[in-house]
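Undergrad: Residue numbers for the sequence shown follow the numbering used here, beginning at 25 and rising by one.
Even glycine gets a Cβ: it sits at the ideal position worked out from N, Cα and C.
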Amino acid sequence: MAEALVIARVALDHGDVPVGAVVVDASGAVLGSGHNTRERDGDPTGHAEVGAIRAAAQRVGRWRLGDCTLVVTLEPCTMCAGAVTQARLERLVFGAYDPKAGAVGSLWDVVRDRRLPHRAEVVGGVRAGESSELLRSFFAQRRQAGSPDRR
25 MAEALVIARV
35 ALDHGDVPVG
45 AVVVDASGAV
55 LGSGHNTRER
65 DGDPTGHAEV
75 GAIRAAAQRV
85 GRWRLGDCTL
95 VVTLEPCTMC
105 AGAVTQARLE
115 RLVFGAYDPK
125 AGAVGSLWDV
135 VRDRRLPHRA
145 EVVGGVRAGE
155 SSELLRSFFA
165 QRRQAGSPDR
175 R
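#1: Does chain B have any CB closer than 7 Å to the CB of Asp49?
#2: Starting from the C-beta of Ala152, find all residues in its chain whose C-beta is less than 6 Å away, skip the five residues before and the five after it, and write them out in chain order.
#3: Tell me the DSSP bridge mates of Ala144?
#4: Tell me whether the beta-carbon of Ser130 lies closer than 7 Å to the beta-carbon of Pro141.
#5: Assess contact between the segment 80-87 and the segment 96-106, defined as three or more Cβ pairs (one per stretch) separated by less than 8 Å. Is contact present?
#6: Return the chain-ordered list of same chain residues with a C-beta closer than 7 Å to the C-beta of Glu114, the five sequence neighbours on each side being excluded.
#7: For Val34, which residues in the same chain have their Cβ closer than 6 Å to its Cβ, ignoring the five residues on either side in sequence?
#8: Helix, strand or coil for Val95, going by three-state DSSP, please let me know.
#9: Pull up the DSSP beta-bridge partners for Leu116, would you.
#10: So, Val135 versus Thr97, is the Cβ gap smaller than 7 Å?
#11: According to DSSP, simplified to helix, strand and coil, what is Gly44?
#12: Looking only at its own chain, which residues have a Cβ that is under 6 Å from the Cβ of Gly126, when we skip the five neighbours before and after it?
#13: By DSSP, does Asp65 sit in helix, in strand, or in coil?
#14: What is the DSSP secondary structure of His59, reduced to helix, strand or coil?
#15: With which residues is Val54 paired in a DSSP beta bridge?
#16: For Asp122, does the three-state DSSP call read helix, strand or coil?
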């Protein structure tokens, strides 16, 4: 989670919501990382999780990441929870819960839905205080600047 928090801060350089993610293998080696790039790239799929999963899949040369863990600073949305399922990730670890858009327990529970062909183990709330504070600070600054809140 420490690395995901560092990566999340990179998103601040281009005005994106500070969310960071890493995919690690069974030994803990980082296979891929990502941070939000929606504002920078004008891409609605520019979420940290998608970037990290893409980078990891490219590095290992396969789309199935069944022996890997995704670590992300914020509870994934429905799109990212779907990507976790599609990549067959073994485990998902996240920091802050997202009561407005979270799809791993807050609003939905996509990654553990028994109707889907794959379910990931989930560990939530890891270093949640640090993740939450980073997000709170970002949105407070946006409100002071008169910018609309965006995820």
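TA: According to the data block:
#1: No chain B is part of this structure, which consists of one protein chain only.
#2: Taking the first residue of the sequence shown as position 1, residue 152 is located at position 128. Closer than 6 Å at Cβ, skipping near neighbours: Gly119 and Ala120.
#3: For the purposes of this step, residue 144 is taken as residue 120 along the sequence shown, with counting starting at 1. Paired residues: none, contrary to the question.
#4: Along the sequence shown, read from residue 1 onward, the residue named residue 130 stands at position 106. Along the sequence shown, read from residue 1 onward, the residue named residue 141 stands at position 117. No, these two residues do not count as a Cβ contact at 7 Å.
#5: no
#6: Position 90 of the sequence shown, counted from the start, is the residue given in the question as residue 114. For Glu114, where only same-chain residues beyond five positions count, the Cβ hits under 7 Å are Gly90, Asp91, Cys92, Thr93, Ala144 and Glu145.
#7: As a first step, residue 34 must be located in the sequence shown, where it is residue number 10. These residues qualify, in order along the chain: His59.
#8: Looking up residue 95 in the sequence shown gives position 71. In this structure, Val95 counts as strand in the three-state DSSP scheme.
#9: Here residue 116 is taken as the residue at index 92 of the sequence shown, counted from 1. Answer by DSSP bridge pairing, in chain order: Leu94 and Val146.
#10: Start at 1 with the first residue of the sequence shown, and residue 135 comes out as number 111. Start at 1 with the first residue of the sequence shown, and residue 97 comes out as number 73. No, these two residues do not count as a Cβ contact at 7 Å.
#11: For the purposes of this step, residue 44 is taken as the residue at position 20 of the sequence shown. Residue state, collapsed to three classes: strand.
#12: In the sequence shown, residue 126 corresponds to position 102, counting from 1. Closer than 6 Å at Cβ, skipping near neighbours: Glu99.
#13: Position 41 of the sequence shown holds residue 65. Helix.
#14: Locating residue 59 in the sequence shown gives position 35, counting from the first residue. In the structure shown, His59 sits in a strand (DSSP, three-state: E or B).
#15: Locating residue 54 in the sequence shown gives position 30, where the first residue counts as 1. For Val54, which the question treats as bridged, DSSP gives the partners Val48.
#16: As a first step, residue 122 is located in the sequence shown; it is residue number 98 there, counting from the start. Three-state DSSP puts Asp122 in coil, outside helix and strand.
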